[in-house]
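Encoded as structure tokens, the structure appears first; notes follow it.
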Amino acid sequence: MTTTQTQQDTPVVELKEVTKRYGGITAVNGVSLAVPPRSVVALVGDNGAGKSTISKIIAGAEHPDAGEVLVGGETRASIDPTDVRKSGIEVVYQDLALAPNLDVATNLFLGRERVKAFGWLDRASMRKEAKELLGQLDVYVPSLTTKVERLSGGQRQAIAIARATHWAKSLVVMDEPTAALGLRETAKVEELILTLREQGKSVLVVSHNLEQVFRLSDQILVMRRGNLVADFQTQQTTTDTVVKTITGVI
Amino acid sequence: MTPATPQQTPGRGLRASAPGLPSEPADEVGSARRSWRVEPPDWFAAVAGAILVAVVLTFLSDAFLTTNNLTNVLAQTAVLTILATGQCFVLLTAGIDLSVSATMAFAGTMLGMLTVTYEWPVILGLAVTFAGGLVIGLINGVLVARFALPAFIVTLGGLLVWRGLALQMVGGINTTGLPDFVTWLGQEDVLGVPAPALVALAVVAVSALVVSRTRFGVGLRAIGGSASAAQRSGVPVLRYKVMAYVICSLLATLGGIVLVGRLDSAGGSLGTGMELMVISAAAIGGVSLFGGSGSPWGAFFGAILIGIIQNGLNLLGTSAFVQQIATGVILVLAVAVDQGRRRLARRWA
């Protein structure tokens, strides 16, 4: 049972002494962190603290200058975004990376379309699966054939998250998922994040909204000027402490 | 969690976690049933325009609504249809190919030179001509997609180069006496339908399926919508863009072969200035010049509308200059109608 135990506790993603520089600026300075399985980890910090750089490194969109990235306990060699997706990590980008002119179902399967003989799209099976997926997540859209550009900001966000949920095997990285959303839409996205955890996946969420972070997360990582300065268990800390850590009072 | 709607799934209650907020409408997720406000297709304006013009011409001229005249229109628009269909692939990616008519002239000239002047077997001549089209497409595609040069500039350069090369190859003199197969392709009927029209229809039908029913087609439309989103979603953007330019050049080559067959004459001045008519046909058919929307059927109907207008003006004895004016007006009108239609659809949505 020991092996199974270790397997279950292996972080879905782990950074070891990761450093990233842009010219003379060190955006991330020797950061080590681990995202455990089945958990929501929040990454907080002031503007320019290095949060987005961390999420880009995990997404494979940036290559660290030093240090290691481990996925499922194994060192990741390639940094191509396609390979990162294949390793079971999905990213919800701040701009969502949806094709506005294509419909909901097509976006959910974009780049991963299912085909029948002779390369014809298997539209029936993709529609069916898209319908099931949105039903499971309780995401409302007028129709699967609605173009994404016709949806509200919240609906688009929900589609991007639903897509990530569908394809992620271990981890979904979200960069400011509710920054542009209204109250009800934000509630929806928060539900989706909790659903992911219920499904046994982890979520790394970059957020400015501390109330939200306390509502959702199991663990809070605080960054300041490229350094990871604190690692709290959410239940054992307070907003006040986190704010002081972010601003450097502590 | 507060209990909310009766539809709430037991044990999840996801909808209810925003206390005090009204619940969303009942679950209509993925309703496969189409609403009554089905969006008209992209080529709606072109078809409506073609019908309108046809009705008017039927009243104005006895010669218009005859089988003979209508098959004639199909044959005359075949080359335009084939080129506009190719253009559609490039336009979908938010690109443009201004070199299509030059490529067409180059291909036609090359076929004439190889099969007539050098007396090559027709099969070999066709193979080498298509290989030439392939190379032109690859050059366009690689320069645009890999080296990120503006498509407008690359293909504007191509327009000058390929036509210049075609003129240079034959010294400005046209070749006639093309092989039987080529003239058959351009001039004969099959079961009462002109062969060039059949070729054009086959090209459109296959292209429409490729655009709507394959991963490549979805990828092209995604690239036109947002290249960076397509890239991050795993669409092979570079490869698909190159393929779009290659298909466009190969169809321009096919158009050149059909055209020299029709005229039994091959030379560098074939179809001078036709690239603008090709782009007009696609735009009239609702293919967006900004990428991401449109269908080869649109290219087809756009070409047909232009063809009917030209035919009608011929029947009425109007000058070629007036035809040019009419086509220009129709281009702007069709795009205006298309924009209005989109705006209405958006308001209703």
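Which chain is which? The protein sequence lines are A and B, in order.
Under this note's numbering, the first residue of the first sequence is numbered 1, with each subsequent residue one higher.
Under this note's numbering, the first residue of the second sequence is numbered 1, with each subsequent residue one higher.
We treat Cβ as the ideally placed atom computed from N, Cα and C, and that holds for glycine.
For the beta strand (DSSP E) holding residue i, just list the boundary residues, first then last.
| i | result |
| --- | --- |
| Ile89/A | 89-92 |
| Val44/A | 40-45 |
| Thr26/A | 25-35 |
| Gly268/B | Looking at the DSSP string, Gly268/B is not in any beta strand (DSSP E), and its letter there is neither H nor E. |
| Leu228/A | 227-233 |
| Ala66/A | 66-71 |
| Arg21/A | 13-22 |
Spatial neighbours of residue i within its chain, please: C-beta separation below 6 Å, excluding the five flanking residues on both sides.
| i | result |
| --- | --- |
| Phe89/B | Ala244, Ile247, Cys248 |
| Val335/B | Ala283 |
| Thr115/B | Val122, Gly125, Pro179 |
| Val41/A | Val35, Leu204, Gln219 |
| Gly225/B | Gly292 |
| Asp264/B | Thr176, Leu178, Thr183 |
Hey, residue i and residue j are a contact pair by Cβ (cut 8 Å); roughly how many whole angstroms apart?
| i | j | result |
| --- | --- | --- |
| Lys131/A | Leu102/A | So it is not a contact: roughly 17 Å between Cβ atoms. |
| Val243/A | Leu210/A | 7 Å |
| Gly177/B | Leu250/B | With a Cβ gap of about 26 Å, Gly177/B and Leu250/B do not count as contacting. |
| Ala54/B | Gly133/B | Not quite, the Cβ-Cβ distance comes to about 34 Å (not below 8 Å), so this is no contact. |
| Gly112/B | Thr175/B | 4 Å |
Provide the residue span of the alpha helix (DSSP H) that contains residue i, from first to last.
| i | result |
| --- | --- |
| Asp218/A | That residue, Asp218/A, is in no alpha helix (DSSP H); it is neither H nor E in DSSP. |
| Tyr245/B | 237-263 |
| Leu204/A | Segment 202-206 is the beta strand (DSSP E) holding Leu204/A; no alpha helix (DSSP H) there. |
| Asp83/A | 81-86 |
| Arg112/A | Per DSSP, Arg112/A belongs to no alpha helix (DSSP H) and is neither H nor E. |
| Ala282/B | 274-284 |
| Lys131/A | 123-137 |
| Thr103/B | 100-112 |
| Ala179/A | It is not in any alpha helix (DSSP H) - Ala179/A carries neither H nor E in the DSSP assignment. |
| His166/A | 153-167 |
| Ala42/B | Note that residue 42/B is Asp in the sequence shown, not Ala. Note, Asp42/B: premise wrong, no alpha helix (DSSP H); not H, not E. |
| Leu65/B | Careful: Leu65/B lies outside any alpha helix (DSSP H) and carries neither H nor E. |
| Lys56/A | 51-59 |
| Trp297/B | 296-315 |
| Ser226/B | Run containing Ser226/B: none; DSSP gives neither H nor E here. |
| Phe290/B | That residue, Phe290/B, is in no alpha helix (DSSP H); it is neither H nor E in DSSP. |
| Ser233/B | Premise fails: Ser233/B is in no alpha helix (DSSP H) and is neither H nor E. |
| Ala202/B | 195-213 |
| Arg163/B | 151-170 |
| Trp184/B | 180-187 |
| Val249/A | First-last for Val249/A: undefined, no H or E at that position. |
I'd like the list of long-range same chain contacts for residue i, defined as Cβ closer than 7 Å, with 5 residues on each side in sequence excluded.
| i | result |
| --- | --- |
| Thr234/A | Phe214, Ser217, Asp218, Gln219, Ile220 |
| Ala303/B | Thr77, Leu80, Thr81, Ala84, Ala281 |
| Val237/B | Ile223, Ala227, Ala230, Gln231 |
| Thr155/B | Ile96, Asp97, Leu98, Ser99, Asn140 |
| Val258/B | Ala78, Val79, Ile82, Leu185, Gly186, Pro196, Val199 |
| Arg123/A | none |
| Leu313/B | Val322, Gln323, Ala326 |
| Val222/A | Val44, Gly45, Val229, Ala230, Val242, Thr245, Ile246 |
So, at 8 Å on beta carbons, what are the nonlocal neighbours of residue i in its own chain, with the 5 sequence-adjacent residues on each side left out?
| i | result |
| --- | --- |
| Thr239/A | Leu210, Glu211, Phe214 |
| Lys199/A | The displayed chain sequence assigns Gln, not Lys, to residue 199/A. Here the set comprises Thr165. |
| Thr9/B | In this prediction, Thr9/B has a pLDDT of 38, which is less than 50 and means its spatial position is unreliable; what the coordinates show is noted afterwards. Taken in chain order, the list of residues that qualify is empty. |
When you compare each of the options to residue i by their alpha carbons, which one comes out closest?
| i | options | result |
| --- | --- | --- |
| Ile89/A | Val173/A, Glu129/A, Leu228/A | Val173/A |
| Leu108/A | Gln94/A, Ser125/A, Gly119/A, Leu196/A | Ser125/A |
| Ser170/A | Gly119/A, Val31/A, Thr241/A, Val35/A | Val35/A |
| Ala61/A | Val92/A, Thr75/A, Glu17/A | Val92/A |
| Thr106/A | Ala102/B, Ala252/B, Arg215/B | Arg215/B |
| Gln136/A | Ala162/A, Arg225/A, Leu228/A, Lys116/A | Ala162/A |
| His166/A | Ala42/A, Gly45/A, Arg85/A | Arg85/A |
| Gly255/B | Ala50/B, Ala105/B, Ala63/B | Ala105/B |
| Leu65/B | Gly317/B, Ile308/B, Arg342/B | Ile308/B |
| Gly317/B | Ser61/B, Ala46/B, Ala54/B | Ser61/B |
| Thr145/A | Val104/A, Asp138/A, Gly111/A, Ala160/A | Val104/A |
| Ser293/B | Val73/B, Thr58/B, Leu92/B | Leu92/B |
| Val203/B | Phe44/B, Gly86/B, Gly267/B, Leu333/B | Gly86/B |
| Leu133/A | Leu192/A, Ser39/A, Thr19/A | Leu192/A |
| Gly30/A | Leu228/A, Thr247/A, Val115/A, Pro37/A | Leu228/A |
| Gly157/B | Gln168/B, Ala145/B, Ala102/B | Ala102/B |
| Ala148/B | Leu289/B, Lys241/B, Ala299/B | Lys241/B |
| field | Near-chain C residues of the region 75-97 of chain A (beta-carbon distance less than 7 Å), N- to C-terminal order | value | The question asks about chain C, but that chain is absent: this structure's protein chains are A and B.
Short of 7 Å Cβ to Cβ, which residues in the region 97-122 of chain A face chain B?
Ala97, Leu98, Ala99, Pro100, Asn101, Leu102, Thr106, Leu110, Gly111, Arg112, Glu113, Val115, Gly119, Trp120, Leu121
> Using a beta-carbon distance cut-off of less than 7 Å, what residues from the region 87-109 of chain B approach chain A?
Replying inline: Of all residues in the region 87-109 of chain B, none has a C-beta nearer than 7 Å to a C-beta of chain A.
Listed from N- to C-terminal order along the chain, which residues in the region 222-233 of chain B have their beta-carbon within a distance smaller than 9 Å of any beta-carbon of chain A? Ala222, Ile223, Gly224, Gly225, Ser226, Ser228, Ala229, Ala230, Gln231, Arg232, Ser233
Fill in: Proximal residues, the region 288-317 of chain B versus chain A, C-beta separation under 7 Å
Answer in chain order: Gly292, Ser293.
| Going along the region 236-247 of chain B in order, which residues come within less than 9 Å of chain A, judged by CB to CB distance? | Pro236
Interfacial residues, the region 250-273 of chain B to chain A, with Cβ spacing under 7 Å: none
- Given a limit of 9 Å on CB to CB distance, which residues of the region 193-219 of chain B reach chain A? Leu209, Ser212, Arg213, Thr214, Arg215, Phe216, Gly217, Val218, Gly219
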